[in-house]
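**Q**
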Amino acid sequence: MRFTILGPVEAVAPGSAAPGLAPRHRAVLAYLLLHAGVAISTDRLVEAMWGPLPPDSARAQIQTTVAAIRRMLRASEADRMLVTRPAGYVITPEPGQLDLDEFTGLTAQASATSGDPGEAVDRIRAALALWRGEPLAGITAAYVEGARARLNGQLLTAVERLAELELARGRHDGLIEELTLHATANPLRERLCCQLMLALHRAGRQTDALHVARTFRATLAEEQGLDPGHAFNKLEQDILRDAPDLRPPVTAPAKPQGGSFLPYDVPDFTGREDELDGLIRLWSGDGGGVVTISAIDGMAGVGKTTLAVHAGHRLADRFPDGQLFVDLQAHTAGQEPLDAGAALEILLSQLGVPAAQIPASVSDRSALWRSELSGRRVLTVLDNALGADQVRPLLPGAARALVLITSRRRLTDLDGAHALSLDVLPAADAVELFTAIVGERAAAEPLAVLDVLQLCGFLPLAVRIAAARLHHRPRWTVAYLADRLRDQRRRLSELATSERGVAAAFTLSYEQLTPDQQRMFRLLGLQPGRDISAEAASTLADLPLDDAEMLLEDLLDAHVLAQHQLGRYTFHDLLREHALATAAAQEPAEARREALGRLFHHYLHTASTAIDHLYPEGRNRRPRIPAPDTPGSPPRDEAEAITWLDGERANLMATGQYAAEHDWHSHTSRLAATLHRYLLGHAHQADAMALHGLALRAGRRSGDTAAEARTLLDLGEVHFWWHGAYEQAGEHYGQALDLARESGDRGAEARALQNLGTLSARRREYDRAEDHCTRSLGLFRQLGDRGGEARCLTDLGTVHERRGRYEDAHEHHRQALRVYRETGSRIGEIIVLNNIGLLDQRQGRYDEARRRHREALELSRRYDFPGDEAESLNALAEAARSLGDLAGAATEHDTALTLAREFSYRPEQARAHAGLAYVHRDLGRVDLARDHAREALGLYLALAVPDADEIRAFLGGLPPTTNEHEAPEEATADGLS
99 MRFTILGPVE AVAPGSAAPG LAPRHRAVLA YLLLHAGVAI STDRLVEAMW
149 GPLPPDSARA QIQTTVAAIR RMLRASEADR MLVTRPAGYV ITPEPGQLDL
199 DEFTGLTAQA SATSGDPGEA VDRIRAALAL WRGEPLAGIT AAYVEGARAR
249 LNGQLLTAVE RLAELELARG RHDGLIEELT LHATANPLRE RLCCQLMLAL
299 HRAGRQTDAL HVARTFRATL AEEQGLDPGH AFNKLEQDIL RDAPDLRPPV
349 TAPAKPQGGS FLPYDVPDFT GREDELDGLI RLWSGDGGGV VTISAIDGMA
399 GVGKTTLAVH AGHRLADRFP DGQLFVDLQA HTAGQEPLDA GAALEILLSQ
449 LGVPAAQIPA SVSDRSALWR SELSGRRVLT VLDNALGADQ VRPLLPGAAR
499 ALVLITSRRR LTDLDGAHAL SLDVLPAADA VELFTAIVGE RAAAEPLAVL
549 DVLQLCGFLP LAVRIAAARL HHRPRWTVAY LADRLRDQRR RLSELATSER
599 GVAAAFTLSY EQLTPDQQRM FRLLGLQPGR DISAEAASTL ADLPLDDAEM
649 LLEDLLDAHV LAQHQLGRYT FHDLLREHAL ATAAAQEPAE ARREALGRLF
699 HHYLHTASTA IDHLYPEGRN RRPRIPAPDT PGSPPRDEAE AITWLDGERA
749 NLMATGQYAA EHDWHSHTSR LAATLHRYLL GHAHQADAMA LHGLALRAGR
799 RSGDTAAEAR TLLDLGEVHF WWHGAYEQAG EHYGQALDLA RESGDRGAEA
849 RALQNLGTLS ARRREYDRAE DHCTRSLGLF RQLGDRGGEA RCLTDLGTVH
899 ERRGRYEDAH EHHRQALRVY RETGSRIGEI IVLNNIGLLD QRQGRYDEAR
949 RRHREALELS RRYDFPGDEA ESLNALAEAA RSLGDLAGAA TEHDTALTLA
999 REFSYRPEQA RAHAGLAYVH RDLGRVDLAR DHAREALGLY LALAVPDADE
1049 IRAFLGGLPP TTNEHEAPEE ATADGLS
């Protein structure tokens, strides 16, 4: 996870898109980052966001925002970064995670540097490269203006220090444009103005220098009524008389340059600025007899050699005694890797050692190599290395030298080397590279360009080949090229020319693997998910966990696998296709199916175990999955269960889709039935709809009416609870009831009746609701299904409460609560607590009601049930309004509305709007009351429920529209009020 505030405020997870944060969330996150390591109280955050006049819902908004930030951090496994202390919230980024920390660290290093001004300049330039525009861009809050001014002050201090160093070195020409830009933006910065004047004067532009002086003097007088200081006046006079003191310093003549053997530096080199800055910072150049080694590793085609060569050219002036290059041929088609003796012969020849003086043995050549480098400042690029053993004899001894090594493997055994692992290009850099090669056609089709780059996986080699093919085919459009690349069967063949190709590069990497590593690579290509854990990989390959993990780490070191999250392994998209093609060519069909069968069984069994921890009351209604032959480590408690399910959700969806498309119908049906409660309860509606849709088709194709009935019930519940699509839910429930009776599935029949009862109660058809729930209760009790029994009891309790039978309602809810607590059902407990609280409200026990709702709210947040959290907040608000706490009611309804919008929970959005309408009417804010009532009416009409009539009557009873403007703005889901 990386955070940036020196420009747009962003939180970026490695290898993935930035997790979505609303402007409000980013404003709070940025304030915490500005005070990293310091405890920030809620009150201080409120003041920072809104100043002295915060809205009533400010504290609730802060709490909701911090919860959203925690969810984002949890998704990137960085949740320990933000902790709550007695004094407030503390965020503590790791080194390298916050651009501001890097900036201050680099500028401090520059100040501490002595001996070589060039090193200080490099560090400051690296620090300035971290700025991406106006700091804290994209957010608004009370604190932003002051914080932005302080950050800009730090930027200008660094710019002025850089100018001081460069002017002292006589490098005034390269400063003029940069100083002009900053001086124009900061016209009252005297030191900056003086440096610009001096640079212009030294460049022979005396008139321009004096114009800058006059402009500064006039601006200072007009805006502040002041005159410039003594140093400015003296400099201006010295420029007028062309004082000798202003002339550039005399530098020592450069030493004769040594030979350069670096390959051609491509003119369209793009991006990699951070990596280049890092390589430049590595070179201290202090003459202390130090060898600096950087090992650049990465997958085939990622641009390791291109980067090393470009860096070599950039650094060439610092190595006057030569820039050497040797290709060690570890992954060169048709060539054996170069041995150390042959490589040393090439390097010694490049240093000018006559062939007759080069000894025969490797040890003597290595000694001569170190001797020749002694006292020289030389840069050496050792390209395409196989491993540490190959390059170790080629390393200099005590010399003022820089060695850049490239390899497809991580050189973990090379002591003292600085490791740099290259990833694919960022999207903006890939677009720039593609456009540089293709030209105007790319600019004319920007969306198609992005399609091509995504299909190339932003891999530099693939981007270059695709761009070159388009460049040499003038009749092709970018969209046509994208269409060709979409065909997975020929994508890799499209990304090839007569001299190079992506597949050929991958094949060379594959051939360097051991047989066991090759088999793991092939099998990983079969799995349909985006990534895989070591345990899942061990099941796929039918290997002990330790053996599988060792192979995965080997593949990671060989850069045929990547790791964007701890403990999870993934492919680059093009490597995934290569692995799948290799598996199809080398693994028998039966072996492939057996491997997938093992993986799918592992996922299904582990998911079943996790769901049993979270929803134990429904265990007997879910498929029972036997333990797989390969032993695993399923979740042991609720916390591990939710962590596993959240981590594997995308893979579980992918396996469900794959199974449905490849005639594994029973697996799709069982997976959907197993995951239903998790997807429903944790607001994963889109996944639930997709998976249940696949399961429904699978059940119908296989003729499994029991599975079809269960899936219809699951789909109906998603429509009912989240979308409020009651008509569609009722159709699904009715179809399921018919199928259950037809197949004799009494459990599905009981569940269908119970769901129909819930639907009838929502429509206020209480006779029908009581009839359905009573019949369902009898069936569940006959079947011994305690979870189903508890659901019916709480539904009947709700029906009795609506009819005014309060004692009957309390008794049913008490029975349901007892069953849920005995079976360990957290979600059931939350539902009943809220229902008892609503019953207490009906009887005027508002304090008792709020206690119940708070208990439900705490459980909802602890176990991450966002829908139930919104319900609890709305219920708390309704009780607060009845107690006369209108401010508290508004805050809780606002927070519920924000949450319901975030998770598209339509019924609770309507309820929150309706509640806010009543609260604002009671506060005399008629216009706000009308706005919320209209929002509620629109939602209730879409839901087709009787509540619409009540809101319509409420609107009719409001006074006529006024022009009042005294009401404070509402908090919205996207920003701060």
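To convert, count from 1 in the sequence shown and add 98; that's this note's numbering. Where is the CB? At the ideal position from N, CA and C, for every residue including glycine. Just so we're clear, the structure is a prediction, and the values are computed from it rather than from any experiment.
1. Under 8 Å, with one C-beta from each stretch per pair, do the stretch 876–894 and the stretch 904–914 reach the 3-pair mark?
2. Using DSSP with H/G/I as helix, E/B as strand and the rest coil, what is residue 1067?
3. Report the rounded CA-to-CA distance for residue 110 versus residue 368, giving the unit in angstroms.
4. Please list the terminal residues of the continuous beta strand (DSSP E) segment that includes residue 661.
5. What does residue 599 pair with, by DSSP beta-bridge criteria?
6. Look at the alpha carbon of residue 472 and the alpha carbon of residue 630, and state the distance between them as a whole number of angstroms.
7. Suppose you measure from the CA of residue 103 to the CA of residue 533; what does that come to, to the nearest Å?
8. Return the Cβ separation of residue 428 and residue 505 in integer angstroms, given the expectation that the two are a contact with Cβ distance under 8 Å.
9. Can you check DSSP and say which residues form a bridge with residue 392?
10. Can you check DSSP and say which residues form a bridge with residue 102?
11. Within 10 angstroms of its Cβ, does residue 338 collect 16 or more other Cβ (buried), or is it exposed?
12. What three-state label does DSSP hand residue 159 in the structure shown?
13. I'd like to confirm the pairing. Which residues does DSSP put opposite residue 640 in its beta bridges?
14. Please go through the same chain and pick out, in chain order, the residues whose beta-carbon is closer than 6 Å to the beta-carbon of residue 285, but skip the five residues on each side of it.
15. Using the Cα positions of residue 620 and residue 604, report the straight-line distance between them to the nearest angstrom.
16. Determine contact between the stretch 839–858 and the stretch 872–884, defined as no fewer than three beta-carbon pairs at a distance below 8 Å.
17. Please report the residue range of the alpha helix (DSSP H) in which residue 852 lies.
18. Do you know whose CA, among 718, 185, 174, 997, lies nearest residue 135's CA?
19. Within the chosen definition, does the stretch 249–260 reach the stretch 139–151 through at least 3 CB pairs nearer than 8 Å?
20. Which term fits residue 478, buried or exposed, when burial requires 16 or more other beta carbons within 10 angstroms of its beta carbon?
21. Where DSSP assigns a beta bridge to residue 423, which residues make up the other side?
22. Where residue 809 and residue 799 are concerned, what is the direct C-alpha to C-alpha distance, given to the nearest angstrom?
23. Where in the stretch 899–986 do unbroken runs of the alpha helix (DSSP H), each at least 4 residues long, occur, reported from the N-terminal end onward?
24. In angstroms, rounded to a whole number, what distance separates the CA positions of residue 593 and residue 599?
25. Output the distance between the C-alpha atoms of residue 100 and residue 933, rounded to the nearest integer angstrom.
26. Within this structure, are the beta carbons of residue 937 and residue 895 separated by less than 9 Å?
27. Pull up the CB-CB distance for residue 137 and residue 183, whole angstroms please, since I reckon it's below 8 Å.
28. Can you name, in chain order, every residue of its own chain whose Cβ lies under 6 Å from the Cβ of residue 546, other than the five neighbours on each side?
29. Which runs of the alpha helix (DSSP H) spanning at least 4 residues fall entirely within the stretch 726–761, listed in chain order?
30. Where does residue 709 fall in DSSP's three states?
31. Could you check the C-alpha separation between residue 1012 and residue 290 for me, to the nearest Å?
32. Are the CB atoms of residue 221 and residue 204 nearer to each other than 9 Å?
33. Go ahead and pull the three-state DSSP assignment for residue 205.
34. In chain order, which continuous runs of the beta strand (DSSP E) of length 3 or greater are located wholly inside the stretch 172–245?
35. Just the Cα atoms here: how many angstroms apart are residue 618 and residue 639?
36. Say whether chain C places a C-beta atom closer than 9 Å to the C-beta of residue 801.
**A** In brief:
1. yes
2. Caution is warranted here: a pLDDT of 37 is assigned to residue 1067, below 50, making its placement in the model unreliable, and no coordinate value can be reported.
3. 21 Å
4. Per DSSP, residue 661 belongs to the beta strand (DSSP E) from 660–663.
5. 594
6. The straight-line gap from Cα to Cα measures roughly 49 Å.
7. 29 Å
8. About 7 Å separates the Cβ atoms of residue 428 and residue 505, confirming a contact at the 8 Å cut-off.
9. 502, 516
10. 108
11. Flag for residue 338 reads exposed.
12. helix
13. BP columns for residue 640 are empty, so no partner.
14. 317
15. 13 Å
16. yes
17. In this chain, the alpha helix (DSSP H) harbouring residue 852 covers 844–860.
18. 185
19. no
20. It counts as buried.
21. 479
22. Going by the C-alpha atoms only, they are around 13 Å apart.
23. The qualifying runs are 904–921, 924–940, 944–960, 964–980.
24. The alpha-carbon separation between residue 593 and residue 599 amounts to approximately 6 Å.
25. 43 Å
26. yes
27. 5 Å
28. 576, 577, 580.
29. 736–759
30. helix
31. Taking the CA atoms as reference points, residue 1012 sits about 59 Å from residue 290.
32. yes
33. The answer is helix: DSSP assigns residue 205 an H, G or I state.
34. DSSP assignment within the stretch 172–245 yields the following whole beta strand (DSSP E) runs of 3 residues or more, N-terminal first: 180–183, 186–189.
35. 7 Å
36. Among the chains in the structure shown there is no chain C, since it carries only a single protein chain.
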